[in-house]
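Numbering (our numbering), first residue to last: 82 to 344. Using N, Cα and C, we set each Cβ at its ideal position, and we do this for glycine too.
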């Protein structure tokens, strides 16, 4: 009987110790910087299918290029303008309410991509690598946004054109700019892409190179963290649920406890 009793006590102690150990497990959170990069490269809350912002920009850019080429190939004024309207929808649905785009807009997705990489670069836990090499991504992004503005201006001119010949000439230039937005154009044929020559393709390549050089290594951030980061009224970033679940508690802001890079 004593043996049975002692066995039950030992089992109880073992269970208690196991509970204590499990309660002391540290949740490994990603860094704030890597989480912002994940918003650009992996997933974001309000994009179609919750795709990454850069993925969404690339998706919309493919439609922009397709419709710009179709406009440049058309000979009828009405057909040219119809393709241009479809292109405008993919650039920004506020310009054209319906069309073949994803409904998010190249301009919005691109602005978000640049903003989140900037947030990453400004984070207290960003590595020197991200702070330094992220600049290439944002510089290209700003140049591509400028070209997106050119596309809008050219499309305005096409829609205001009174003849097929006038619209066709404008559409030819529009198709060239659209291709540059998507893949870049090596204007001087030197084998290099300056920020002004680069497009979304070079933006992706730049970020992939930056992430390949990260130390500690970058790993794809899980959605439970990507959709968990919030900005406080103070401007600091914090986790909605420090454990990475669905809770509503807010942990300390930037510079808090150390589970995932000090956040």
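Kindly list the residues whose CB is nearer than 6 Å to the CB of residue 236, restricted to its own chain and excluding five residues on each side of it in sequence; keep chain order. Numbered from 1 along the chain shown, position 155 holds the residue referred to as residue 236. So the list reads 165, 169, once near-sequence residues are dropped.
Could you say if the segment 247–263 and the segment 312–323 meet the contact criterion of at least three C-beta pairs nearer than 8 Å? no
Helix, strand or coil for residue 319, going by three-state DSSP, please let me know. Translated into positions along the chain shown, residue 319 becomes position 238. Three-state DSSP puts residue 319 in a strand.
Helix, strand or coil for residue 311? Go by DSSP, reduced to three states. Walking along the chain shown from the start, residue 311 turns up at place 230. Three-state result, residue 311: strand.
Using the C-alpha atoms, what's the distance from residue 301 back to residue 214? Indexing the chain shown from 1 puts residue 214 at position 133. Indexing the chain shown from 1 puts residue 301 at position 220. Going by the C-alpha atoms only, they are around 18 Å apart.
Kindly indicate the opening and closing residues of the alpha helix (DSSP H) around residue 220. If you number the chain shown from 1, residue 220 lands on position 139. Its alpha helix (DSSP H) spans residues 209–240.
Drop a sphere of 10 angstroms on the beta-carbon of residue 269, count the other beta-carbons inside from all chains shown, and report buried for 16 or more, exposed for fewer. Within the chain shown, numbered from 1, the residue matching residue 269 stands at position 188. Counting Cβ neighbours within 10 Å, residue 269 comes out exposed, since fewer than 16 surround it.
Indicate the three-state DSSP secondary structure (helix, strand or coil) for residue 273 in the structure shown. Taking the chain shown and counting its residues from 1, the one referred to as residue 273 is at position 192. Coil at residue 273, not helix or strand.
Around the C-beta of residue 313, are 16 or more other C-beta atoms found within 10 angstroms, so that it is buried, or is it exposed? Locating residue 313 in the chain shown gives position 232, where the first residue counts as 1. The residue in question, residue 313, is exposed, as its Cβ has fewer than 16 Cβ neighbours within 10 Å.
I want to check one thing, is the minimum distance from the CB of residue 276 to the heavy atoms of the ligand FMN below 8 Å? The ligand FMN is absent from the structure shown, which contains no ligands of any kind.
Rounded to whole angstroms, what's the CA-CA distance from residue 307 to residue 276? Just pull it up for me. Start at 1 with the first residue of the chain shown, and residue 307 comes out as number 226. Start at 1 with the first residue of the chain shown, and residue 276 comes out as number 195. Each residue's alpha carbon lies about 28 Å from the other.
Let me make sure I understand the geometry here. Which of 241, 199, 162, 177 has the alpha-carbon closest to that of residue 121? Position 40 of the chain shown holds residue 121. Looking at the Cα atoms, 199 is the closest of the given residues.
Tell me which residue opens and which closes the alpha helix (DSSP H) that residue 248 is part of. Sequence index remark: in the chain shown, residue 248 carries index 167 (1-based). Where residue 248 is concerned, the enclosing alpha helix (DSSP H) stretches over 245–264.
Where residue 103 falls: helix, strand or coil (DSSP): In the chain shown, counting from the first residue as 1, residue 103 sits at position 22. Summary for residue 103: the model assigns pLDDT 45, below 50, so the residue's position carries little reliability, and this model does not support an answer.
Flag residue 169 as yes if its beta-carbon sits less than 9 Å from any beta-carbon of chain D, otherwise no. The chain inventory of the structure shown lacks chain D, comprising one protein chain alone.
If you draw a straight line from the C-alpha of residue 267 to the C-alpha of residue 224, how long is it? Stepping through the chain shown from its first residue, residue 267 is reached at position 186. Stepping through the chain shown from its first residue, residue 224 is reached at position 143. Rounded to whole angstroms, residue 267 to residue 224 spans 14 Å at the Cα level.
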